[in-house]
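Report on one structure; see the data block that follows.
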Amino acid sequence: MNPHLLRTFVAVLDHRSFSTAASELGYTQSAVSQHIAALEADLGTRLIERRPVAPTAAGARLMEHAPALLLLLDAARADITRLHHANPTRLTLAHTPAALGPAVAQALAQLRTTTHPLDLEVRVLSQAAVIENVLTGSADIGLVDGAAAPSDPLPLPNLGPSTTTLAAAEQTLAVLFPLGHPLAGRASVRLTDLTQAQWIDAPDTAIPLDRLRAVCRADGFRPRIRHRGTDLHGLAALAAAGHGLAALPLPLAAALPGLAAVPVAEPRLVHRTELIHPANPTDAARQLADLVTDRQSTPGDGRR
Numbered sequence: 007m008n009p010h011l012l013r014t015f016v017a018v019l020d021h022r023s024f025s026t027a028a029s030e031l032g033y034t035q036s037a038v039s040q041h042i043a044a045l046e047a048d049l050g051t052r053l054i055e056r057r058p059v060a061p062t063a064a065g066a067r068l069m070e071h072a073p074a075l076l077l078l079l080d081a082a083r084a085d086i087t088r089l090h091h092a093n094p095t096r097l098t099l100a101h102t103p104a105a106l107g108p109a110v111a112q113a114l115a116q117l118r119t120t121t122h123p124l125d126l127e128v129r130v131l132s133q134a135a136v137i138e139n140v141l142t143g144s145a146d147i148g149l150v151d152g153a154a155a156p157s158d159p160l161p162l163p164n165l166g167p168s169t170t171t172l173a174a175a176e177q178t179l180a181v182l183f184p185l186g187h188p189l190a191g192r193a194s195v196r197l198t199d200l201t202q203a204q205w206i207d208a209p210d211t212a213i214p215l216d217r218l219r220a221v222c223r224a225d226g227f228r229p230r231i232r233h234r235g236t237d238l239h240g241l242a243a244l245a246a247a248g249h250g251l252a253a254l255p256l257p258l259a260a261a262l263p264g265l266a267a268v269p270v271a272e273p274r275l276v277h278r279t280e281l282i283h284p285a286n287p288t289d290a291a292r293q294l295a296d297l298v299t300d301r302q303s304t305p306g307d308g309r310r
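Residues 7 to 310 in my numbering are what the sequence shown lists, from first letter to last.
Structure (structure tokens):
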């Protein structure tokens with residue numbers, strides 16, 4: 007399957023337009039049509055309906071695979087490029103909003119004392135964007151977070167053989183309540199008692215609601231509002247004003263104004279942070295990984 011044809015296929019369905027895909031990719035519309043026809047001939051089935059532009063059943067199935075396949079190809083290219091063009095004094099760290107805590111900040115400060123000069127850039131992104139940044143070489147190292155059973159890894163997508171994932175931290179998981187909420191004074195709560203409560207759907211900032219449904223093996227956790235983006239303080243303001251509940255690590259949640267952070271007692275969960283870096287990281291990325299995970303060396307410890 008030709009990756010150039012596959013990229014054209016994804017662009018057409020992303021934009022629901024042959025002409026817009028052509029403009030984005032720098033092709034003529036005729037070339038885009040030829041790419042789709044060639045891909046359909048290769049797979050022996052029609053993939054895209056032309057009027058209106060929409061996937062067929064086969065096209066929808068291919069679309070489930072295509073972005074991940076293209077991302078792994080980009081990761082392979084970045085891995086090879088990194089061997090010859092790594093900058094030892096530059097470090098780009100991408101992280102989800104709740105993943106960068108005091109320990110990481112202190113590790114960055116320590117790294118700056120040993121690496122001169124260090125050109126440091128920190129990006130706050132969604133989990134998907136952090137993973138994409140690391141796989142494609144746009145970021146040297148990433149931090150992602152989520153809810154998991156103690157010592158269990160996060161349920162991340164397949165990152166391929168060129169990426170290493172390491173445990174960075176485990177903290178108590180807490181639910182954010184506005185100060186006047188009846189449960190705000192509790193010593194702990196059970197998530198299963200909150201399935202019918204109103205929640206804020208903030209998958210890029212807090213624990214995603216579909217993850218809470220999965221770990222509790224229950225329906226519910228219905229959103230009152232949807233919050234998109236990585237604005238942690240905006241999410242906190244919404245929760246404090248009573249727009250809905252959200253789940254975050256206890257140390258971070260306890261520092262947010264106007265809220266009560268109540269630890270989760272059941273099911274037995276932790277807020278877990280994991281560090282992602284290429285299998286052949288830059289020197290700065292390797293040193294940061296060692297500092298964050300309190301390790302003396304990195305080889306052989308990755309789970310992916």
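Don't be surprised by glycine CBs; every beta carbon is placed ideally from N, CA and C.
Between the CA atoms of residue j and residue i - distance to the nearest angstrom
i: L200; j: A242; result: 19 angstroms
i: S303; j: L244; result: Only weak support is given to the placement of S303: the predicted model assigns it a pLDDT of 39, under 50, and the value that follows is read from those uncertain coordinates. So the alpha carbons of these two residues sit roughly 43 angstroms apart.
i: L11; j: T169; result: 26 angstroms
i: A259; j: A267; result: 6 angstroms
i: A113; j: S144; result: 21 angstroms
i: A155; j: A43; result: 47 angstroms
i: R309; j: P103; result: Any reading at R309 needs caution, since the residue's pLDDT is 47, under 50, leaving its predicted position unreliable; the model's value is listed next. Answer to the nearest angstrom: the Cα atoms are 23 angstroms apart.
i: N164; j: E138; result: 12 angstroms
i: A63; j: V18; result: 16 angstroms
i: G306; j: P257; result: Any answer about G306 is weak, because its pLDDT of 37 lies below 50 and its placement is not dependable; what the coordinates show is given next. So the two alpha carbons sit approximately 31 angstroms from each other.
i: R192; j: V270; result: 10 angstroms
i: A246; j: A174; result: 29 angstroms
i: V298; j: A153; result: 19 angstroms
i: Q204; j: P188; result: 14 angstroms
i: R301; j: C222; result: Interpretation of R301 is limited by its pLDDT of 49, a score under 50 that renders its predicted location unreliable; the figure taken from the coordinates is listed afterwards. Going by the C-alpha atoms only, they are around 34 angstroms apart.
i: A190; j: L262; result: 14 angstroms
i: P123; j: T288; result: 15 angstroms
i: P9; j: P161; result: 27 angstroms
i: H101; j: S29; result: 32 angstroms
i: T51; j: H249; result: 48 angstroms
i: A115; j: A27; result: 44 angstroms
i: A37; j: T236; result: 38 angstroms
i: R13; j: H71; result: 12 angstroms
i: M69; j: R292; result: 35 angstroms
Local conformation of residue i per DSSP, three classes
i: T178; result: strand
i: R56; result: coil
i: T87; result: helix
i: P9; result: helix
i: A100; result: strand
i: S15; result: Per the sequence shown, the amino acid found at residue 15 is Phe instead of Ser. Residue state, collapsed to three classes: helix.
i: P229; result: strand
i: R219; result: helix
i: L238; result: helix
i: L262; result: coil
i: P184; result: strand
i: L79; result: helix
i: A247; result: coil
i: L197; result: helix
i: P73; result: helix
i: A64; result: helix
N-terminal and C-terminal residue of the beta strand (DSSP E) that residue i is part of
i: P284; result: V276 to P284
i: A266; result: L265 to E272
i: G148; result: I147 to A154
i: Q202; result: Where Q202 is concerned, there is no enclosing beta strand (DSSP E), given that its DSSP letter is neither H nor E.
i: L126; result: D125 to V130
i: L254; result: A252 to P255
Beta-carbon proximity check, residue i vs residue j, cutoff 9 angstroms
i: S39; j: F24; result: yes
i: V128; j: L172; result: no
i: T198; j: A224; result: yes
i: Y33; j: H21; result: no
i: V181; j: L238; result: no
i: L117; j: L97; result: yes
i: L265; j: A212; result: no
i: E176; j: R278; result: yes
i: E272; j: R196; result: yes
i: D85; j: N286; result: yes
i: M7; j: L49; result: yes
i: H233; j: G240; result: yes
i: V276; j: L215; result: no
i: D151; j: A105; result: yes
i: A82; j: G166; result: yes
i: P209; j: S132; result: yes
i: I147; j: L281; result: yes
Span of the alpha helix (DSSP H) around residue i
i: T119; result: P108 to T120
i: A27; result: F24 to L31
i: R292; result: D289 to T299
i: A37; result: Q35 to L49
i: L141; result: Q133 to L141
Integer Cβ distance of residue i from residue j, believed to fall under 8 angstroms
i: D207; j: P229; result: 3 angstroms
i: A295; j: T121; result: No, A295 and T121 are not in contact; Cβ-Cβ is about 14 angstroms, not under 8 angstroms.
i: V130; j: H283; result: The pair is not a contact, with the Cβ atoms about 18 angstroms apart (cut-off 8 angstroms).
i: V110; j: L149; result: 7 angstroms
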